[in-house]
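Line order of the protein sequences matches chains A and B. For the first sequence, the positions run 75 to 288 when my numbering is used. For the second sequence, the positions run 75 to 288 when my numbering is used.
Protein chains: 2
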Amino acid sequence: MPPRDDQDYEAKRQQIIDGALQVFSSEGFEKATNKDIARAARINSPGLIYHYFKDKTDLFRQVVEERAPILQLVTHGDDFMESEPREVLTMFADSFVTMMDNRAGLAMFKMMLAESTRKPAVAAIFNKVGPWRGFNYLRRYLEHQMDLGRLRRIDPGAAVRCFMGPLVAYMIMREIFVQEDAQSLSPETMVTTTVDLFLYGLEVNRNHEGAGEG
Amino acid sequence: MPPRDDQDYEAKRQQIIDGALQVFSSEGFEKATNKDIARAARINSPGLIYHYFKDKTDLFRQVVEERAPILQLVTHGDDFMESEPREVLTMFADSFVTMMDNRAGLAMFKMMLAESTRKPAVAAIFNKVGPWRGFNYLRRYLEHQMDLGRLRRIDPGAAVRCFMGPLVAYMIMREIFVQEDAQSLSPETMVTTTVDLFLYGLEVNRNHEGAGEG
DNA sequence: TAATCTTGATTGATTAGTCAATCAAATACA
DNA sequence: TGTATTTGATTGACTAATCAATCAAGATTA
């Protein structure tokens, strides 16, 4: 059955999705009531949700599928494969930190952590667009740079985690456990420290003082 | 009214707490039903829970308060303040990884992530016994080592996150987003890589091949 | 008019929490 | 020692509330 007006229909659908994202991220899937979602989405009736979505689970799935891409880190195909590690890593780290400065981005990040913990199926969806994608891109890049001899060769999977881990931990500490010292530690400091330390430990042509690979 | 037998009473209380931890960690607070908890705790009636706990929230609070300490990392007072970074950091990292090899430890870790996201009060409790405690201990240690001149001086808060972050990220990727490559990357490799890379980047008397004091 | 859109009342299922009744281990007592 | 009494432990039926989902009726627009 064709809607009265495609644009109006889609706009209202998005409106409900936006409201649902806010409620799901702050309350969790089970505790989010249709009444809450209707209020957050500024529609007057919970019943209306069922005109646009099959049920609560369907709504949740669509929220995830349509809003999760905000969790995607910059991945420019192979454009940056040859670029300097410092440039690429800084860009990558900045991209992650910037994502969290955004209301919807932070909401998705929290929702990803909370919901994925209990629901493997949800975890798989998030993983596909978020962590796995970013990790894979970065791993390929690091492996290539190791091949080029610009970086010491270590386990690439471990290397990716050693780079992204500090940033993930920083965000969790700052946004979930509201640690004061994480508030005073600026994202910029965290980014530069992470990049510096990582490269200090991995760079071969070390302008800091010797010790390379065998 | 005093219980018939203190030991029996406490044993049964612990039995319910154990069951509740399993259900809370796999289902989440809201979706965990008293029936589930009773079954997991091997008691025959959901009603019995109310003989030992005021309500569901009280039960949850006691589960957290009595089982969260399992999340504590080794913190030996000031015993290790003077010890070599490699020794102390390896011990610390091992302690974290070992915690997750334990069924209850993993359950608590997941519960901490999932429940803390929505409930600042719960986050505060977890933070106190877990993250904050470990982070603070490690920060003091690293600052001391920087004072001694054994480590380069960088922002200590950032340093702690640079060290623990990779391990946290590794566990999240392995246990929540069930990434295949995290399965093949052993905890031991992750620990040694993390320690190596961190010290490679921070150690002053860089004896990365051979020994020597500066 | 004819279709979709919107509403809010309703339904049916679920669940946290209560409660009266029963059970069983101690203890008191003969 | 054997019986009665006390008291906490345990049960399962019950209640009151919540909430996802449905539905019929009315509003709106093409």
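Virtual Cβ for every residue (Gly too), placed ideally from N, Cα, C.
Is it buried or exposed, residue i, if we count other Cβ atoms within 10 angstroms and call 16 or more buried?
i: Glu283 (chain A); result: With a pLDDT of 46 at Glu283 (chain A), under the threshold of 50, the predicted position of this residue should be treated as unreliable, though the coordinate-derived value follows. Counting Cβ neighbours within 10 Å, Glu283 (chain A) comes out exposed, since fewer than 16 surround it.
i: Lys109 (chain A); result: exposed
i: Ala85 (chain A); result: exposed
i: Ala143 (chain B); result: The amino acid at residue 143 (chain B) is misidentified as Ala; the sequence shows Pro. Counting Cβ neighbours within 10 Å, Pro143 (chain B) comes out exposed, since fewer than 16 surround it.
i: Pro194 (chain A); result: exposed
i: Arg248 (chain B); result: buried
i: Glu156 (chain B); result: exposed
i: Thr191 (chain B); result: buried
i: Arg141 (chain A); result: buried
i: Asp129 (chain A); result: exposed
i: Arg160 (chain B); result: exposed
i: Ser119 (chain B); result: exposed
i: Asp28 (chain B); result: Only positions 75 to 288 of chain B appear in this structure, which leaves residue 28 (chain B) out of reach.
i: Gly151 (chain B); result: exposed
i: Gln219 (chain A); result: buried
i: Gly121 (chain A); result: exposed
i: Arg226 (chain A); result: buried
Taking 6 Å as the limit between beta carbons, can you name the residues of its chain near residue i, skipping five residues before and five after?
i: Ile111 (chain B); result: Gly93, Ala94, Val97
i: Ile199 (chain B); result: Val138
i: Met245 (chain A); result: Met174
i: Val242 (chain A); result: none
i: Met264 (chain A); result: Tyr244
i: Gly204 (chain B); result: Leu145
i: Phe272 (chain A); result: Phe237
i: Gly179 (chain B); result: Ile144, Met173
Alpha helix (DSSP H) containing residue i: first to last residue?
i: Ser100 (chain A); result: 80-101
i: Arg116 (chain A); result: Counting along the chain, Arg116 (chain A) falls outside any alpha helix (DSSP H), and DSSP gives it neither H nor E.
i: Val269 (chain B); result: 261-276
i: Asn201 (chain B); result: 194-203
i: Pro159 (chain A); result: 159-174
i: Arg135 (chain B); result: 130-141
i: Ala256 (chain B); result: 254-258
i: Gly223 (chain A); result: No alpha helix (DSSP H) holds Gly223 (chain A); DSSP gives it neither H nor E.
i: Met245 (chain A); result: 230-249
i: Ile144 (chain A); result: Segment: none, Ile144 (chain A) is in no alpha helix (DSSP H) and carries neither H nor E.
i: His125 (chain A); result: 123-126
Which same chain residues end up closer than 7 Å to residue i when comparing Cβ atoms and leaving out the 5 residues on each side of it in sequence?
i: Thr267 (chain A); result: none
i: Ile123 (chain A); result: Ile90, Asn108, Ile111, Ala112, Leu133
i: Phe170 (chain B); result: Leu147, Leu241
i: Arg207 (chain B); result: Gln146, Thr149
i: Asp168 (chain A); result: Val265
i: Leu73 (chain B); result: The question about residue 73 (chain B) has no answer, for chain B in this structure spans 75 to 288.
i: Phe127 (chain A); result: Leu133, Gln136
Of the choices the options, whose alpha-carbon is the least far from that of residue i?
i: Gln89 (chain B); options: B:Ser99, B:Asp132, B:Val162, B:Val137; result: B:Val137
i: Val148 (chain B); options: B:Ile199, B:Asp129, B:Met173; result: B:Met173
i: Ile250 (chain B); options: B:Met186, B:Glu156, B:Glu161; result: B:Met186
i: Lys105 (chain A); options: A:Tyr244, A:Asp175, A:His218, A:Thr131; result: A:Thr131
i: Asn201 (chain B); options: A:Ala256, A:Glu101, A:Gly204, A:Tyr215; result: A:Ala256
i: Gly223 (chain A); options: A:Val278, A:Ser99, A:Ser119; result: A:Val278
i: Leu163 (chain B); options: B:Leu133, B:Asn176, B:Tyr211; result: B:Tyr211
i: Gln253 (chain A); options: B:Gln219, B:Ala197, B:Pro261; result: B:Ala197
i: Phe209 (chain B); options: B:Arg177, B:Ala181, B:Arg235; result: B:Arg235
i: Phe166 (chain B); options: B:Phe103, B:Phe237, B:Gly121, B:Val203; result: B:Phe237
i: Glu189 (chain B); options: B:Phe170, B:Arg87, B:Ile228, B:Glu101; result: B:Glu101
i: Leu259 (chain A); options: B:Asp152, B:Phe272, B:Pro230, B:Ile117; result: B:Pro230
i: Phe103 (chain A); options: A:Asp153, A:Arg135, A:Asp221, A:Asn176; result: A:Arg135
i: Arg214 (chain B); options: B:Ala114, B:Ala233, B:Tyr83; result: B:Ala233
i: Ala115 (chain A); options: A:Leu180, A:Arg87, A:Phe154, A:Gly239; result: A:Arg87
i: Ala181 (chain A); options: A:Ile117, A:Tyr83, A:Ser99; result: A:Ser99
i: Gln154 (chain B); options: B:Ala178, B:Arg177, B:Ile117, B:Leu216; result: Note that residue 154 (chain B) corresponds to Phe in the displayed sequence, not to Gln. If we check each option's Cα against that of Phe154 (chain B), B:Leu216 comes out closest.
CB-CB under 8 Å to residue i, same chain, minus the five flanking residues each way: which ones, in chain order?
i: Phe183 (chain B); result: Leu145, Met173, Met174, Met245, Glu249
i: Asn176 (chain A); result: Ile144
Proximal residues, the stretch 145-174 of chain A versus chain B, C-beta separation under 8 Å:
none
Taking only beta carbons into account, state which residues of the stretch 235-253 of chain B come closer than 9 Å to chain A, listed in chain order.
Arg235, Cys236, Phe237, Met238, Gly239, Pro240, Leu241, Val242, Ala243, Tyr244, Ile246, Met247, Glu249, Ile250, Phe251, Val252, Gln253
Using Cβ-Cβ distances below 8 Å, what residues of the stretch 196-207 of chain B are close to chain A?
Ala197, Ala198, Phe200, Asn201, Pro205, Trp206
Chain-ordered residues of the stretch 220-234 of chain A with a beta carbon less than 7 Å from chain B:
Ile228, Asp229, Gly231, Ala232
Against chain B, which members of the stretch 97-128 of chain A pass a CB distance test of less than 8 Å?
Ser100, Glu101, Gly102, Glu104, Lys105
For the stretch 175-188 of chain A, list every residue whose C-beta sits within 7 Å of some C-beta in chain B, in sequence order.
Lys184, Leu187, Ala188
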